[in-house]
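Asks: One structure, as structure tokens, below. Some questions next.
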Amino acid sequence: MESLRSKPSKLRSETEIFNEVESKAIDLFAKASGLDVKTVLNIVKKRSEQQDKQGLDYDLAFPCFQLATKKKLDAKTLAVQIAKKINNEIKNSKELSRMFSKLEAVNGYVNFYYNWNWLASIVLKSLQKEFALKPSKDLLYIVEFSSPNTNKPLHIGHVRNDCIGESIARIIKHQGFKVLKFNLINDRGIHICKAMLAYKLFGNNQTPEKANKKPDKFVGDFYVLFNKKAKQNPMLEQEAAKLLQLWESNHEETIKLWKKLREWSLQGLFQTYKDYNVSFDVIEFESEIYSKGKQLVLEGLEKGLFFKDDQGAIVVEFENLPRKVLLRSDGTSIYITQDLGLAVYRKQKYNFDYMIYVVASEQNLHFKQLFAILKKLGFEWADRLKHLSYGMVLLEHGKMKSREGQVIEADEFLQQMQHLTFKELKKRCQSINDEKAMLEKAKAIALAAIKFFMLKHAPRKDFVFKPEQSITFEGETGPYVQYTIARINSLLKKAESQGVTMPKQFLFKNFNDKELSIVKNLYSFNFVIEQAFKELDPSKVCKHLIKICQDFNSFYQTIPILKDVNNREKRLAIAKAVRTALSYGLYLLNIPVLEEM
RNA sequence: GGACCCGUAGCCUAGCCUGGACAAGGCGGCAGGCUUCUAACCUGCAGAUCCGGGGUUCGAAUCCCCGCGGGUCCGCCA
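Numbering (the working numbering), first residue to last: 312 to 908.
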């Protein structure tokens, strides 16, 4: 390893420097404790977000308990001994003294403290303009999400799905990978025919324009109407089944009707996507791909991987999963047949390296079976398929029932939130000169509130959605992050108007605790994003943004920035770096950034 | 009946995969703070049998086992 002085520090990257400091600490501990580096790497604890309020502000901690037990010593005593050795070495080396500010033994741990007076400027400098992307790697990820039906509008369950899908795609991109966002639209099947039938019987050739309804809502209302009517007249269920047969046999009039409703539905759905700023690279329609996979199943049957049961259906059995029918006895395909075919088709067409399905946890078993079947068929890449399973969005009375119209629709929800935000804006701002701009702003804030709420829970968790209580603007919320950025903007504007400029040499000193806490969290943001990627969990990003905001706001409110002439450049550099990190964080969550609030 | 997920202050959550130092944050409550860089903010206080019981370990919210409570799934539906 090259010594620090062999190259001037400004030519080396932030990562290189930190890596060197870290590995130096590990070497030092290994040498002093007599453990090998591999063991030390296993026990070392890195600074985590939770510790700083506990007065534990170490950067690296080495617990000595295991070694103490082995040596039949008291861990506290051992830690003190080891710390003493290392301290001596640091004292005698200029290079080490530059890296570490403190080293102490506490409660059986040896804690290393980095010399942040040196490192902080490095972190701040790298964040003055923009958040650095990781070098690009030639790996393709497919992220499939949303997957709406064309018989009803999107509801808040879809909103959660879209938020997760859109955000995880961005988080993956940040790692340097290529990403394609897929939307598989369910535009066929009995439920679609139900809406069609209701329109046929009770629609009177109405159109969304004439009815003055958003077109997907217009279609969705017929679906609800069908279910209402079918309760009184069960014959309608059979009629719908007949309609499905007609559709499958390409019956001209039926196809015409289907196309009409489908078009309306799609128009409406994509308007909603636009409102939520959700977009896709590839749109697929089930009507075009639903028969894929049959061949695959037949091949599997031939190879003896599947078998025909006594009723003639093709079935697969697993060691530790329930059996699954793959092809009906009449030879028609079902959901899993389609998914099998689609996975293979996508692999052939796009040659992805990884594919992620963002689908609710109800389908956990389905995806386990799907992946296992692909593996049985000999597709090794099945190991690189992942189901990003997320919990349900429940209402206070329980599950949403779209059949009965018991849902919170995405459009209505956003509208209400925007309305609420608009009222709030009016309260806070006396001069309403531009109502249109204010409505835009209200929408941006409403979106922040909604999306942040949807993303701040770990995906695996169910949550009960209570409109008034769930979406707020204070505390751990999207608007709080937006507000922090807006505050910084205004601060920087003022600094500019006062003619404060940044020094050419980016070397600041004498950081106080609040300043350092911010810098450390800025530094660890990249690791947090990496963790969010590994765990497919955007909530990690949310939590970290909140932490940065809390630190910054506490700093902002208790420490003068512009007035303290000796420190203001440093503090403005911190503010700027925070803005860079927060803005990028909001980008990762697909939340709009506001210049001012 | 079987499989998977969840159970952490009045409420909502993080931490659990990879065991470690007094269990972290928000809401709500209480007490404060705007002639000073945006109060959608900040400061302080109160509030926890980490569902229960065993086990493993120097050490368990975290790992293992047995329970309890809640959810989801176990269709020739999608």
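All residues carry an ideal CB built from backbone N, CA and C; glycine is no exception.
Which residues mark the beginning and the end of the beta strand (DSSP E) in which residue 415 is found?
Replies: Start and end: 411 to 417.
Asks: What residue from 420, 409, 367 and 334 has the CA that sits closest to residue 376's CA?
Replies: It is 420 whose Cα lies nearest to the Cα of residue 376.
Asks: Could you pull the start and end residues of the alpha helix (DSSP H) that residue 472 belongs to?
Replies: Taken as a continuous stretch (DSSP letters only), the alpha helix (DSSP H) holding residue 472 covers 467 to 485.
Asks: Have a look at the DSSP bridge pairing and note the partners of residue 665.
Replies: The partner list for residue 665 (beta bridge, DSSP) reads 452.
Asks: For the alpha helix (DSSP H) holding residue 340, just list the boundary residues, first then last.
Replies: First-last of the alpha helix (DSSP H) with residue 340: 325 to 344.
Asks: Residues in the same chain with beta-carbon distance under 7 Å from residue 364, minus the five sequence neighbours each way, listed in chain order, please.
Replies: Note that residue 364 scores a pLDDT of 48, beneath 50, so its modelled location is shaky and nothing firm can be said.
Asks: Determine the direct distance from the alpha carbon of residue 857 to that of residue 864, and round the result to whole angstroms.
Replies: Taking the straight line from one Cα to the other gives about 10 Å.
Asks: Quick check: does the Cβ of residue 620 come within less than 8 Å of any heavy atom belonging to the ligand ADP?
Replies: Among the ligands in the structure shown, none appear at all, so the ligand ADP cannot be discussed.
Asks: Can you tell me which of the three DSSP states residue 870 falls into?
Replies: DSSP places residue 870 in coil when its eight states are reduced to three.
Asks: Buried or exposed for residue 708, going by 16 or more other Cβ atoms inside 10 Å?
Replies: Burial call: exposed.
Asks: Are the segment 439 to 454 and the segment 399 to 419 touching by the rule of at least three beta carbon pairs closer than 8 Å?
Replies: No: fewer than three Cβ pairs fall under 8 Å.
Asks: Go ahead and pull the three-state DSSP assignment for residue 671.
Replies: Correct three-state label for residue 671: strand.
Asks: Alpha carbon to alpha carbon, what distance is there between residue 462 and residue 571?
Replies: Residue 571 and residue 462: Cα-Cα distance of roughly 12 Å.
Asks: Compare the beta carbon distance of residue 899 and residue 482 with 9 Å and say whether it is the shorter of the two.
Replies: Cβ distance < 9 Å, so residue 899 and residue 482 count as in contact.
Asks: Go to residue 488, then tell me how far its beta strand (DSSP E) extends in each direction, as first and last residue.
Replies: Segment: none, residue 488 is in no beta strand (DSSP E) and carries neither H nor E.
Asks: Is residue 374 helix, strand or coil when you go by DSSP?
Replies: Of the three classes helix, strand and coil, the one that applies to residue 374 here is strand, per DSSP.
Asks: So, are the CB atoms of residue 485 and residue 436 less than 9 Å apart?
Replies: No, the Cβ-Cβ distance between residue 485 and residue 436 is not below 9 Å.
Asks: Please confirm if the segment 825 to 844 is in contact with the segment 458 to 473, defined as three or more CB-CB distances below 8 Å between the two stretches.
Replies: Contact fails: fewer than three Cβ-Cβ distances are below 8 Å.
Asks: Please classify residue 438: does DSSP put it in a helix, a strand, or coil?
Replies: Note: residue 438 maps to coil in three-state DSSP.
Asks: Cutting at 8 Å between CB atoms, please list the residues of its own chain near residue 891, excluding the five before and the five after it.
Replies: 438, 439, 440, 441 and 442, listed in sequence order.
Asks: If you draw a straight line from the alpha carbon of residue 716 to that of residue 491, how long is it in whole angstroms?
Replies: Computed Cα separation, rounded: 33 Å.
Asks: Residues in the same chain with beta-carbon distance under 7 Å from residue 638, minus the five sequence neighbours each way, listed in chain order, please.
Replies: Excluding residues within five positions, the ones whose Cβ falls inside 7 Å are 605, 608, 624, 625, 644 and 648.
Asks: Go to residue 750, then tell me how far its alpha helix (DSSP H) extends in each direction, as first and last residue.
Replies: 746 to 767 is the span of the alpha helix (DSSP H), which, as asked, contains residue 750.
Asks: Since residue 904 is in the beta strand (DSSP E), which residue starts that stretch and which ends it?
Replies: Neither: residue 904 is in no beta strand (DSSP E) and is coded neither H nor E.
Asks: Ends of the beta strand (DSSP E) at residue 698?
Replies: First-last of the beta strand (DSSP E) with residue 698: 696 to 701.
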